[in-house]
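Just so you know, my numbering puts 543 at position 277 of the sequence shown, and the rest follows in order with no gaps.
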Amino acid sequence: ILLHQADADTLRAESWSGPDGFVPPAKEDWASDDCLAVGTIRTGRVVEYPHLHSAEVLELRDVPRQPMVRAALFAPMLVDDVVIGVLASYSERPHRHNNDEKRLLSALANLAAVAIANSRLYARVFQSEDTLRKNETLTTLGLLAAEIAHEVRNPLTVIKLLYSSLRIEFAAGDPRVKDMRIIGEKLNQLEATVTRVLNLAKAPGALHSRWALDEIVTDTLLLVRLKLHQSMITVRYEPAAEPLTIEVNKGQIQQVLLNLILNSAHAMPKGGRITLRTTRETRPDGQSVVVLDLADTGHGIPAELQDKLFASVLMGRTDGTGLGLAIVKRLVQSHHGDIALLSTSAAGTTFRITLPLPTGT
267 ILLHQADADT LRAESWSGPD GFVPPAKEDW ASDDCLAVGT IRTGRVVEYP
317 HLHSAEVLEL RDVPRQPMVR AALFAPMLVD DVVIGVLASY SERPHRHNND
367 EKRLLSALAN LAAVAIANSR LYARVFQSED TLRKNETLTT LGLLAAEIAH
417 EVRNPLTVIK LLYSSLRIEF AAGDPRVKDM RIIGEKLNQL EATVTRVLNL
467 AKAPGALHSR WALDEIVTDT LLLVRLKLHQ SMITVRYEPA AEPLTIEVNK
517 GQIQQVLLNL ILNSAHAMPK GGRITLRTTR ETRPDGQSVV VLDLADTGHG
567 IPAELQDKLF ASVLMGRTDG TGLGLAIVKR LVQSHHGDIA LLSTSAAGTT
617 FRITLPLPTG T
């Protein structure tokens with residue numbers, strides 16, 4: 267199996283198999299033009315070499331040296347009409363391959379292409395999941411730090427005011443004069459630290475850009491499709507009739523959707539269905555918004571928890587889901603949107619997210 271790197275136009279031998287005494291070529295990148303398989307790379311077709319001479323073979327990088335090759339057959343590995351590699355078959359004797367042999371090698375090449383494409387897709391999915399998990403952890407820590415800083419700032423302001431109003435005076439040379447000065451300096455230092463934490467926690471608008479809502483939803487569903495399949499959960503996605511574009515931080519909105527989808531999956535331990543529906547609405551004030559409803563067929567949310575779903579991140583439920591929904595609300599609000607529990611019962615739960623559409627769309 268020879269894999270093609272289109273950007274560098276190189277071939278690399280990823281897998282070989284041969285008889286006793288077989289010596290494969292070095293596992294390194296070769297220029298496609300230095301390889302016998304270049305014809306298949308360029309044309310995307312099965313290419314046959316029934317009679318090869320020693321002098322020709324010695325100049326080629328992708329041909330085994332021992333035993334000497336006298337014939338070769340190459341079949342393209344195609345993914346979406348793009349040649350990602352070549353499946354090669356070599357013979358020690360001159361040989362003209364019949365149609366059955368060509369069809370067989372072509373079929374094997376197609377199977378190899380599908381396997382490689384799936385492997386690459388899974389690798390990208392797992393990498394994306396890992397990146398999102400890390401981003402969600404950082405987001406959680408940032409929101410926790412911001413909330414702690416906010417809770418500290420209020421009593422700190424009171425302490426500073428009371429300290430300033432005390433007007434305590436000591437005799438010259440009294441060591442407590444220095445103590446009072448140090449207390450004042452440390453209060454100012456603490457206030458500056460709290461302010462820096464709050465400033466860092468603000469979502470930078472520079473990270474916002476315009477994205478197709480359909481792309482964000484479908485990319486997110488791709489990330490969790492394996493987990494949902496394993497949990498026997500089906501997904502129905504009903505996009506809006508017209509393309510919708512929103513100005514957001516894509517990673518943060520994906521975190522919002524992932525959190526809601528995984529919460530829904532947790533509520534359906536025996537399987538079920540998740541439905542996502544997007545629409546466009548115009549508010550009474552004339553502003554256009556995107557509405558995204560996410561419904562599941564889970565067991566619903568207990569009545570005693572419904573009023574606390576989006577509580578402070580410092581007041582999350584013991585099972586951890588409260589913390590996630592608090593973060594979800596913070597992230598949505600940072601995009602000038604909102605999230606609400608639309609309905610919940612023993613038949614399922616529906617959340618609604620609204621986000622503003624950019625002016626002029």
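Backbone N, C-alpha and C define an ideal beta-carbon position, used for all residues, glycine too. This one's a predicted model, so the numbers in the text were calculated from it and none came from an experiment.
Please report the straight-line C-alpha distance between residue i and residue j, rounded to a whole angstrom.
| i | j | result |
| --- | --- | --- |
| R596 | N454 | 29 Å |
| R618 | T541 | 12 Å |
| A375 | M334 | 24 Å |
| E547 | V555 | 5 Å |
| P622 | L510 | 11 Å |
| L326 | H361 | 19 Å |
| V579 | I267 | The predicted position of V579 is uncertain, since its pLDDT is 49 and thus under 50; a value taken from the coordinates is nonetheless stated next. Computed Cα separation, rounded: 52 Å. |
| A612 | Q393 | 36 Å |
| R336 | E367 | 17 Å |
| A592 | H270 | 47 Å |
| Q523 | R359 | The question names Gln, yet the displayed sequence has Leu at residue 523. Straight-line Cα distance between these residues: approximately 60 Å. |
| V594 | A297 | 49 Å |
| S600 | L371 | 55 Å |
| A379 | A341 | 11 Å |
| F436 | T459 | 30 Å |
| E314 | E504 | 49 Å |
| I482 | R539 | 20 Å |
| S430 | I414 | 24 Å |
| T461 | L560 | 37 Å |
| S385 | D346 | 15 Å |
| L526 | K574 | 16 Å |
| T484 | S357 | 47 Å |
| R390 | P550 | 43 Å |
| E508 | I519 | 20 Å |
| L387 | H363 | 34 Å |
| G517 | S475 | 11 Å |
| A272 | D295 | 12 Å |
| A506 | K536 | 30 Å |
| V598 | A577 | 14 Å |
| I425 | G439 | 26 Å |
| W282 | G351 | 14 Å |
| L293 | L277 | Inspection of the sequence shows that residue 293 is occupied by Lys rather than by Leu. The straight-line gap from Cα to Cα measures roughly 10 Å. |
| L377 | L571 | 51 Å |
| V312 | N515 | 46 Å |
| H532 | A569 | 18 Å |
| L427 | W477 | 47 Å |
| G552 | E417 | 37 Å |
From the DSSP output, which residues share a beta bridge with residue i?
| i | result |
| --- | --- |
| S355 | L339 |
| I512 | W477 |
| D604 | T620 |
| D295 | R278 |
| G538 | I499 |
| Y429 | Partner(s): none; Y429 has no beta bridge. |
| L269 | R278, G351 |
| A561 | T541, T616 |
| L344 | V349 |
| R546 | V556 |
| E314 | L339 |
| E417 | DSSP output for E417 lists no bridge partner at all. |
| S611 | G614 |
| E451 | DSSP, once it has assigned bridges, lists no residue as partnering E451. |
| E504 | R543 |
I'd like to confirm something about residue i: is its beta-carbon nearer than 7 Å to some heavy atom of the ligand ZN, or not?
| i | result |
| --- | --- |
| R442 | The ligand ZN is not among the ligands present in this structure, which contains no ligands whatsoever. |
Report yes if the C-beta distance between residue i and residue j is below 8 Å; otherwise report no.
| i | j | result |
| --- | --- | --- |
| E451 | L422 | no |
| L528 | T544 | no |
| G310 | L353 | no |
| P291 | A279 | yes |
| M534 | G566 | no |
| P330 | V304 | no |
| A338 | S355 | yes |
| D562 | S530 | yes |
| P441 | E513 | no |
| V349 | I307 | yes |
| A411 | V443 | no |
| L302 | D328 | yes |
| T615 | G603 | no |
Could you tell me whether the stretch 442–450 touches the stretch 479–490, where touching means 3 or more Cβ pairs closer than 8 Å? no
With a cut-off of 8 Å, do at least 3 Cβ pairs link the stretch 496–510 to the stretch 602–613? no
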